Amino acid sequence: MVDWLTQTLTTSSMWIQVPIVLGVAVPLCAVLAEYMQRILNYVGVKTFRWFNGDGLRRKKHD
Numbered sequence: 012m013v014d015w016l017t018q019t020l021t022t023s024s025m026w027i028q029v030p031i032v033l034g035v036a037v038p039l040c041a042v043l044a045e046y047m048q049r050i051l052n053y054v055g056v057k058t059f060r061w062f063n064g065d066g067l068r069r070k071k072h073d
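If you use this note's numbering, the sequence shown corresponds to residues 12 to 73, in order.
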């Protein structure tokens, strides 16, 4: 199935390929980028808490 789809897409003309790429690949990459950004944000928060404590204890500066 995938082989047939890729062969059909690569042998079709450019005016068919461009809308398919813009309509499928670009939104798919946007969704994947959003999830990757959320994962990176989560890891960043956990790393910050790991190095700086949990944020509940505050040091008093005199």
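Glycine residues also receive a C-beta, built at the ideal position from the N, C-alpha and C atoms.
None of the values given here were measured: they were computed from a predicted structure.
Under the assumption that residue i contacts residue j (Cβ atoms under 8 Å), give the Cβ distance between them as a whole number of angstroms.
i, j, result
"residue 39", "residue 28", "About 16 Å separates the two Cβ atoms, so there is no contact after all."
Does the ligand SAH have even one heavy atom less than 8 Å from the beta-carbon of residue i?
i, result
"residue 56", "The model depicted lacks the ligand SAH and carries no ligand whatsoever."
Could you tell me which whole alpha helix (DSSP H) segments of length 4 or greater appear in the region 17 to 67?
25 to 31 and 37 to 63
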